[in-house]
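Counting from 1, position 258 in the sequence shown corresponds to residue 319 in my numbering; the numbering is continuous, with no gaps.
Just so you know, even glycine gets a beta-carbon here, dropped at the ideal spot from N, CA and C.
A quick note: this is a predicted structure, and the numbers were derived from the prediction, not measured.
Since the structure comes first, as structure tokens, the remarks are kept for the end.
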Amino acid sequence: MRAAIIGGGFSGLAAALRLKRAGFEVAVYEASGRLGGRVRSARCESIPLELGVEGFLDTDLATLELARDVGLGGDLLFAKPQRVEYLLGLADRLAPLPMNPKALLASPLLSLPGRLRALGEPLASPPTAEGASESVAAWATRRLGPEALTQIIRPVVRALTGDDPEALEAQSAYPALRRLTLAHGGYLRGALAQRRQRTGPLFGPGGRLITPREGMSDLIEGLYRALNGAVHLNAPARGLTRHRNDWGFQAGDERVYADLLVLALPAPSMAALLAPLDAALAEALAEIRYMAAERLALAFPQGGAPQPFGAAAALLDDEGLHRVDFYGALFRPQAPWTLVHALRHIPEPRLKPATSMLEAWRARFGGPPAQTWSWRFELARPRFELGHAERVARVAARLDALDGLHLISDALNGARLEDLAQAAEALPAAAMRLER
Ligand SMILES: Cc1cc2nc3c(=O)[nH]c(=O)nc-3n(C[C@H](O)[C@H](O)[C@H](O)COP(=O)(O)OP(=O)(O)OC[C@H]3O[C@@H](n4cnc5c(N)ncnc54)[C@H](O)[C@@H]3O)c2cc1C
């Protein structure tokens with residue numbers, strides 16, 4: 062069977078490789094002149110740095126398996142777990158994000174009644190309520206109390222997503238958290254059980270971050286090599302048609318026909334392609350909004366380098382709500398540089414140009430970095446807003462009537478590479494059902 066994959070980011074390449082390994086004849090069509098999409102590596106002399114995706118987690122193995130499949134098994138770096146620490150801003154200092162009940166009990170982020178209320182979480186409300194659609198703010202208040210929402214959940218959610226917890230749907234934005242709460246009758250109980258179960262390569266509630274030795278672009282290059290040239294660059298897809306069992310589209314000068322069509326794109330790009338074919342499907346996809354984000358990487362000469370947080374990662378609840386990673390230090394020695402990565406979500410596109418972020422960071426670090434890199438992603442992350450699950454259900458219902466069409470997207474499958482790799486892994490079986 063012929064499979065055409067539109068989109069040459071991680072999802073499209075992972076989908077193509079899984080289908081190729083299952084015996085499909087595959088071809089990838091990428092609009093731009095480069096592969097990788099939101100994977101975008103750069104270098105500070107010989108040290109890799111990431112302007113897009115920083116790594117993947119070992120909490121499930123789909124991405125790790127792909128990396129091994131393309132020959133990167135011996136070239137993977139695992140983050141040093143003890144160096145990962147998230148810090149939140151208090152009025153006059155930074156305090157660690159409490160990662161377990163003991164740390165919560167001692168945390169200066171909450172008053173004593175606030176801490177006791179949060180620790181009473183297993184008694185707070187029946188886990189059956191987890192099935193209902195509610196905002197992250199409502200979930201946090203119900204389970205952990207109003208103070209935990211204001212002091213911990215809000216700054217963390219805003220720094221990680223750029224959105225307010227009131228706007229986000231708990232079950233869509235944090236599905237793993239909901240699963241954990243349901244399975245163990247409470248979130249804290251679930252987190253404790255998860256910690257106890259973790260052995261071997263796994264670490265901490267969020268898993269361990271992995272990156273190829275020479276940067277994430279090596280994963281993309283590995284996938285490209287494994288696809289053996291079945292990739293077309295500068296080939297934006299448009300003019301989608303369906304005739305009997307054939308899917309057709311225009312890719313540059315070429316008219317492409319395939320039995321199986323995979324769209325591996327952000328939701329708005331899918332909506333644009335599908336609009337002439339299925340207006341209701343396109344409408345549901347177009348309702349999923351994305352957040353723009355700006356990545357900034359700064360290289361400070363070591364010695365004069367600022368290490369104000371003494372940790373690998375920090376979340377700062379100052380006006381800008383930046384997320385900062387001492388990213389390079391997680392994986393490899395960086396002498397003679399200290400690399401600092403910052404990520405800022407931009408709800409208002411074009412409101413704050415990269416230079417204003419740079420100036421803010423110069424002020425914070427007390428001196429200019431020796432080198433800076435920045436990149437802006439207009440479609441950085443899907444916003445899992447209230448009503449998201451219902452929109453995804455509408456998409457799934459429309460897809461039922463469109464045999465041979467498969468969608469893989471961070472908006473539908475989950476925002477991490479692992480989610481997308483899992484969706485790619487499931488593709489061959491779904492496609493075989495069509496053949497029968
Ligand atoms: C700054 C940043 C950091 C991140 N860090 C992490 C991280 O550390 N770990 C993690 O798991 N996730 C991370 N993410 C999320 C992750 O980047 C995405 O989930 C993932 O990369 C999405 O891959 P994709 O292939 O689905 O989409 P994309 O990477 O956006 O790729 C889509 C591709 O399709 C192409 N395209 C668009 N329209 C067409 C068309 N009509 N025809 C042909 N091609 C088209 C685009 O040019 C693009 O190359 C991060 C995201 C950002 C923005």
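| Check | Outcome |
| --- | --- |
| Examine ligand 1 and report whether any of its heavy atoms sits within less than 7 Å of the Cβ of Leu-466. | no |
| Would you say the stretch 317-324 touches the stretch 452-472, given that touching needs at least three Cβ pairs under 8 Å? | yes |
| Is it buried or exposed, His-304, if we count other Cβ atoms within 10 angstroms and call 16 or more buried? | exposed |
| What's the gap between the Cα of Ser-107 and the Cα of Met-160? | 34 Å |
| Short of 8 Å in beta carbon distance, which residues of its chain neighbour Ala-64, apart from the five on each side in sequence? Order them along the chain. | Ala-77, Leu-80, Phe-85, Glu-86, Val-87, Ala-88, Ala-319, Asp-320, Leu-321, Leu-322, Val-323 and Ala-492 |
| Return the chain-ordered list of same chain residues with a C-beta closer than 7 Å to the C-beta of Ala-201, the five sequence neighbours on each side being excluded. | Ala-209, Leu-210, Ile-214 and Pro-226 |
| Can you tell me whether DSSP reads Glu-439 as helix, strand or coil? | strand |
| Along the beta strand (DSSP E) that carries Ile-281, what are the first and last residues, could you check? | Unbroken run through Ile-281 is the alpha helix (DSSP H), 278-287; no beta strand (DSSP E). |
| Return the CA-CA distance between Ala-484 and Leu-478, expressed in angstroms with no decimal places. | 10 Å |
| Could you tell me the alpha carbon to alpha carbon distance between Arg-431 and Trp-398, rounded to whole angstroms? | First, the amino acid is wrong: residue 431 is Ala here, not Arg. Spanning the two alpha carbons is a distance of roughly 9 Å. |
| Touching or not, the stretch 92-110 and the stretch 447-467, by the rule of three or more beta carbon pairs under 8 Å? | no |
| By Cβ distance, which residues of its chain are closer than 8 Å to Ala-164, with the 5 residues on each side in sequence left out? | Pro-157 |
| If I follow the unbroken beta strand (DSSP E) through Met-352, where does it start and stop? | 351-362 |
| With distance defined between alpha-carbon atoms, name the residue in Tyr-248, Gly-448, Thr-120 and Ala-83 nearest to Pro-183. | Tyr-248 |
| Would Arg-455 pass as a contact of Ala-345 if the rule is Cβ separation under 8 Å? | yes |
| Is the stretch 271-284 close to the stretch 97-104, with three or more CB pairs under 8 Å? | yes |
| Buried or exposed, going by whether 16 or more other CB atoms sit within 10 Å of the CB of Pro-273? | buried |
| Quick one: residues in its chain with C-beta nearer than 7 Å to the C-beta of Ser-278, no 5 flanking neighbours on either side, listed in chain order? | Gly-97, Val-100 and Ser-102 |
| Quick one: using the 10 Å Cβ neighbour count with 16 as the cut-off for buried, is Arg-411 buried or exposed? | In this prediction, Arg-411 scores a pLDDT of 44, lower than 50, which makes its location untrustworthy; the coordinate-derived value is nonetheless stated afterwards. Exposed, because fewer than 16 other Cβ atoms sit within 10 Å of the Cβ of Arg-411. |
| Mind checking whether Ala-333 and Ala-312 have CB atoms under 8 Å apart? | no |
| Relative to ligand 1, is the shortest distance from any of its heavy atoms to the C-beta of Ala-358 smaller than 7 Å? | no |
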